[in-house]
Amino acid sequence: MERAHCSECEGWPPALTAARFAYVLVSPASDLVHALKYEGWPELATLMGDAMARLPVPEPSGFRGRVVVVPVPTTPARLRARGYNQAELLARRFAEVRGLPLYSALERPGARRSQTALTPAARRENVRDVFVPIRGREAAIGGTHVVLVDDVLTTGATASEAASELARMGAAAVTLLTYVRALAAGPEKRGQGLS
0 MERAHCSECE
10 GWPPALTAAR
20 FAYVLVSPAS
30 DLVHALKYEG
40 WPELATLMGD
50 AMARLPVPEP
60 SGFRGRVVVV
70 PVPTTPARLR
80 ARGYNQAELL
90 ARRFAEVRGL
100 PLYSALERPG
110 ARRSQTALTP
120 AARRENVRDV
130 FVPIRGREAA
140 IGGTHVVLVD
150 DVLTTGATAS
160 EAASELARMG
170 AAAVTLLTYV
180 RALAAGPEKR
190 GQGLS
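Structure (structure tokens):
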């Protein structure tokens, strides 16, 4: 499939065919992300997941297969500290509202530095090879269009690594879906996306 030129997604792997987000990372959306991720408010995932479920998710050109939902995994240490994976809560709500199957297909066994303060190049290096497939999930992922769910899209480094691993598991295409997108500059808009 030939893509339109997109300078922000030039380094993304071919498997990551599109990205959609509900809001730009400014208040009040940024406040909700912070509360969900760092302040122990898992119940916010319902409201946030509902907003994500209202977004159109583009079908890859010519694709007519199954659509499945996969959350971006977190590390065991962060899961213990937080008590939940915010991406999984968002994915669960999105899947429930849209009537799609949800699969935990990837694991993130090792802890690395937080992505928050890293440059784009350092972000890519920090997430290189961090995901591994969950054994036995290839059959659920093979030939599907995966909606990969996370809370924030910044550079796409994490999503690129996850999409590459999902492609190795047999996914036909991956669309990233996040609650917010961090932008360097630009107008606040709802429902923007890159494809």
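Each residue of the sequence shown is one higher than the one before, starting from 0 at the first, in numbering that gives the first Met the number 0. For every residue, glycine included, the Cβ atom is placed at its ideal position computed from N, Cα and C.
Exposed or buried, what is His144 when buried is set at 16 or more other beta-carbons lying within 10 Å of its beta-carbon?
-> buried
Would you check if the distance between the CB atom of Val129 and the CB atom of Val32 is smaller than 8 Å?
-> no
With burial defined as no fewer than 16 other Cβ atoms inside 10 Å of the residue's Cβ, what is the status of Arg19: buried or exposed?
-> buried
Spatially closest choice to Thr74 from Val66, Arg65, Asn84, by CA coordinates = Asn84
So is Arg92 buried or exposed if we call it buried at 16+ other beta carbons inside 10 Å?
-> buried
Hey, would you say Glu106 sits closer than 8 Å to Ile133, going by beta carbons?
-> yes
On the three-state DSSP scale, how would you describe Ala52?
-> helix
Between the region 158-165 and the region 46-54, do three or more beta carbon pairs fall short of 8 Å?
-> no
DSSP beta-bridge partners of Tyr22 = Val179
What's the call for Ser159, buried or exposed, on a 16-neighbour Cβ count within 10 Å?
-> buried
Is Ala17 helix, strand or coil when you go by DSSP?
-> strand
Is the Cβ-Cβ distance between Thr174 and Val56 less than 8 Å?
-> yes
Tell me the start and end of each unbroken alpha helix (DSSP H) in the region 68-103 that is at least 4 residues and wholly inside, in chain order.
-> 75-81, 85-97
Sorted by chain position, which residues of the same chain lie with C-beta nearer than 8 Å to Ala171's C-beta, five sequence neighbours on each side aside?
-> Pro59, Phe62, Gly64, Gly142, Thr143, His144
Determine the DSSP secondary structure at Val32, reduced to helix, strand or coil.
-> helix
Locate the beta strand (DSSP E) running through Asp149, then write down its first and last residues.
-> 144-152
Look at Leu147 and Leu176 and say whether their C-beta atoms are less than 8 Å apart.
-> yes
Who are the Cβ neighbours of Gly185 in its own chain at under 8 Å, not counting the five residues just before and after it?
-> Its pLDDT being 44, under 50, Gly185 is placed unreliably in this model, and the coordinates cannot settle the point.
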